[in-house]
Amino acid sequence: MLGQRVRTPVGEVDLVARRGKVLAFVEVKARATRAAADASLDTHRLRRVAAAAELLLPRFIGEAEDVRIDVIHIVPGQLPRYLVDVWQG
0 MLGQRVRTPV
10 GEVDLVARRG
20 KVLAFVEVKA
30 RATRAAADAS
40 LDTHRLRRVA
50 AAAELLLPRF
60 IGEAEDVRID
70 VIHIVPGQLP
80 RYLVDVWQG
């Protein structure tokens, strides 16, 4: 884990993490239902995360060879759902 709630002028990235050569900018969405969590993931929000990630990239890139944007959906009473590489911008 490299950062939590990392702010930029264009938005915030909830988590920044690196595993091996992969750097992930992660949006976390907690909602009451799975449907609400799915609905919370829209193009506008992903563009905001992508713009923030672009600004943060020089700070966190290090030895990473692959950069992606992931999402974690958190719904009470269910296991978190981790969505890998959700944005191709």
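Using our numbering, the letters of the sequence shown map in sequence onto residues 0 to 88. A virtual CB, placed ideally from N, CA and C, is assigned to each residue, including glycine.
First and last residue of the uninterrupted alpha helix (DSSP H) at residue i
i, result
"A36", "33 to 38"
"R47", "42 to 59"
Separation of residue j from residue i, as counted between CA atoms
i, j, result
"L1", "E11", "14 Å"
"A49", "L56", "10 Å"
"A35", "V9", "25 Å"
"G76", "R33", "11 Å"
Residue range of the unbroken beta strand (DSSP E) whose run includes residue i
i, result
"Q87", "Note, Q87: premise wrong, no beta strand (DSSP E); not H, not E."
Short Cβ contact (9 Å threshold) for residue i with residue j
i, j, result
"V15", "V5", "yes"
"A23", "R67", "yes"
"L45", "T7", "no"
Mind the definition here: the region 72 to 84 touches the region 25 to 40 only if three or more C-beta pairs lie below 8 Å; say whether that holds. A contact exists between the region 72 to 84 and the region 25 to 40.
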